[in-house]
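**Q** A single structure is presented below for examination.
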Amino acid sequence: MRETINLSGLECDSCTKVVARLIEKSSCRLVSAGFDSGCIEVVDSDDGSISRLKEALLDAGYGVNGKPLQRGSLSRPLKFFSDVMSKAEYSVEREILEAGVASLVLMLALTALAFYLPALSAVRDYLPLLLLGAFGTMAAYLTLAHHRAFSVPSSCMTGMMVGMTIGMMGGFLAGALSGAANGMYIGSIAGMAVGMFFGVLAGIPVGVMGVLEGMMAGIMGGTMGAMLSVMLFNDHLIEFLVILFAACISVLFGLSYMLFRENGLATGGRKPSLFRAIAANTLFFAVFSALLVWGPKTTFAWTGG
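Numbering of the sequence shown is given in our numbering, commencing with residue 1 and proceeding in unit increments.
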């Protein structure tokens, strides 16, 4: 049976990708598509496939044949994270999560070991910053690894969003920590370096626009993170950093959910390696922690307490 479906809520190229994926997943065949006008014509391959397609489109947030768009719901991302832990088809996402958690455990263990070693007693003064750094490293890895696990190319808009978010959040978090421990100058340099590095890694699978967006966001996030720490030097700095990290990590996890909504399951891309993930995360954390504890410091630098 052939049927014409009128859609509302199509805003960009990412929407057309989502609709095309839903058509394929529902076992329908696309006959003609007028995404500009919101009109698609499909043929069902079995009884009920068009009905499944309509339900999937409504669930994805699009209006179908005059039915209003469904509002977003917090239950959707919560269901996604629950499915990652319980369903076999989410094996790649689960492997990424396991590698991130294993890295976090090792980073926390190394921090605890350094805390009790007399030769590394300076670590004790910077324990809150190091703990935040461990959680920030894990969150950045999870989002970046999830992005690079997809084999399908991202749309221009999604690529810009990924590069900007990962570059800015990475730079913001690194700049805030280094700005607190080392001061504005070193904090800005460290934040920009980390932000641009993560921005480039996120943008490479997308193309030059994603790379440029990631680099620009890394520059801005790195300098702004350091500036905020210096501005709050005598005003509940650590409490603010905890709130800032919680907000930024939430943004990174939200980006990971957005990637799932657009691309579906992570298949065919770069699969995570547990050993490489732990080694890379731990090495980055160790180098950055050394900068926080023993790196150059200015007058306005947090010295513990």
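Where is the CB? At the ideal position from N, CA and C, for every residue including glycine.
For the stretch 102-122 against the stretch 197-210, do three or more pairs of beta-carbon atoms, one drawn from each stretch, fall closer than 8 angstroms, so that the two count as touching?
**A** Short answer: they don't touch.
**Q** Measuring straight from C-alpha to C-alpha, what distance separates Leu69 and Ile166?
**A** Locating residue 69 in the sequence shown gives position 69, where the first residue counts as 1. Locating residue 166 in the sequence shown gives position 166, where the first residue counts as 1. Residue confidence is low: Leu69 scores 49 on pLDDT, short of 50, so the model does not pin down where it sits. No coordinate-derived value is stated.
**Q** Applying the 10 Å Cβ sphere with the 16-neighbour rule, what's the burial state of Thr282?
**A** The sequence position of residue 282 within the sequence shown is 282, counting from 1. By the neighbour-count rule (16 or more Cβ atoms within 10 Å), Thr282 is buried.
**Q** Give the DSSP-derived three-state secondary structure of Ile249 in the structure shown.
**A** In the sequence shown, the residue the question calls residue 249 occupies position 249. Note: Ile249 maps to helix in three-state DSSP.
**Q** For Arg276, count the other beta carbons within 10 Å of its own beta carbon; 16 or more makes it buried, fewer makes it exposed. Which is it?
**A** Stepping through the sequence shown from its first residue, residue 276 is reached at position 276. Arg276 is exposed by the Cβ-count criterion.
**Q** Give a yes or no on contact between the stretch 140-151 and the stretch 228-236, applying the rule of three or more CB pairs nearer than 8 angstroms.
**A** No, they do not touch.
**Q** Helix, strand or coil, according to DSSP, for Ala165 in the structure here?
**A** Along the sequence shown, read from residue 1 onward, the residue named residue 165 stands at position 165. Strictly speaking, residue 165 in this sequence is Thr, with Ala absent from that position. Here Thr165 sits in helix by DSSP.
**Q** Label Tyr62 either buried or exposed according to how many other C-beta atoms from any shown protein chain fall within 10 Å of its C-beta, with 16 as the threshold for buried.
**A** As a working note, residue 62 is residue 62 in the sequence shown. Buried, by the Cβ-count rule.
**Q** In terms of residues, what are the limits of the beta strand (DSSP E) holding Val42?
**A** For this step, residue 42 is matched to residue 42 along the sequence shown. Unbroken beta strand (DSSP E) run through Val42: 39-44.
**Q** Mind checking whether Tyr185 and Val293 have CB atoms under 8 angstroms apart?
**A** If you number the sequence shown from 1, residue 185 lands on position 185. If you number the sequence shown from 1, residue 293 lands on position 293. In this structure, Val293 does not lie closer than 8 angstroms to Tyr185 by Cβ.
**Q** Closer than 7 angstroms by C-beta to Val64: which residues in its own chain qualify, once you throw out the five before and the five after it? Chain order, please.
**A** As a first step, residue 64 is located in the sequence shown; it is residue number 64 there, counting from the start. Closer than 7 angstroms at Cβ, skipping near neighbours: Ile5, Leu7, Lys54, Leu57, Leu58.
**Q** Looking only at its own chain, which residues have a Cβ that is under 7 angstroms from the Cβ of Glu93, when we skip the five neighbours before and after it?
**A** Here residue 93 refers to the residue found at position 93 of the sequence shown. Val84, His146, Ala266.
**Q** So the alpha helix (DSSP H) Tyr116 belongs to, where does it begin and stop?
**A** Here residue 116 refers to the residue found at position 116 when the sequence shown is read from its first residue. Where Tyr116 is concerned, the enclosing alpha helix (DSSP H) stretches over 91-116.
**Q** Any idea if Ala109 is buried or exposed, counting beta-carbon neighbours within 10 angstroms, 16 or more meaning buried?
**A** Looking up residue 109 in the sequence shown gives position 109. By the 10 Å Cβ count, Ala109 comes out exposed.
**Q** Are Tyr257 and Pro118 touching if we call contact CB-CB under 8 angstroms?
**A** Along the sequence shown, read from residue 1 onward, the residue named residue 257 stands at position 257. Along the sequence shown, read from residue 1 onward, the residue named residue 118 stands at position 118. No, the Cβ-Cβ distance between Tyr257 and Pro118 is not below 8 angstroms.
**Q** Going along the chain, which residues of its own chain have a beta-carbon closer than 7 angstroms to the beta-carbon of Thr303, five neighbours each way excluded?
**A** Taking the first residue of the sequence shown as 1, we reach residue 303 at position 303. These residues qualify, in order along the chain: Asp125.
**Q** Could you give the first and the last residue of the continuous alpha helix (DSSP H) run that contains Gly218?
**A** Position 218 of the sequence shown holds residue 218. Note, Gly218: alpha helix (DSSP H), 208-231.
**Q** Closest by CA to Ala226, which one among Tyr90, Ala149, Leu177, Ala122?
**A** Locating residue 226 in the sequence shown gives position 226, where the first residue counts as 1. Among Tyr90, Ala149, Leu177, Ala122, the Cα nearest to that of Ala226 is on Leu177.
**Q** Determine the DSSP secondary structure at Leu274, reduced to helix, strand or coil.
**A** On the sequence shown, residue 274 is found 274 positions in, with the first residue counted as 1. DSSP places Leu274 in helix when its eight states are reduced to three.
**Q** If you count every other CB in all the chains shown that lies within 10 Å of the CB of Gly214, and 16 or more means buried, which is it?
**A** For the purposes of this step, residue 214 is taken as residue 214 along the sequence shown, with counting starting at 1. Buried is the call here.
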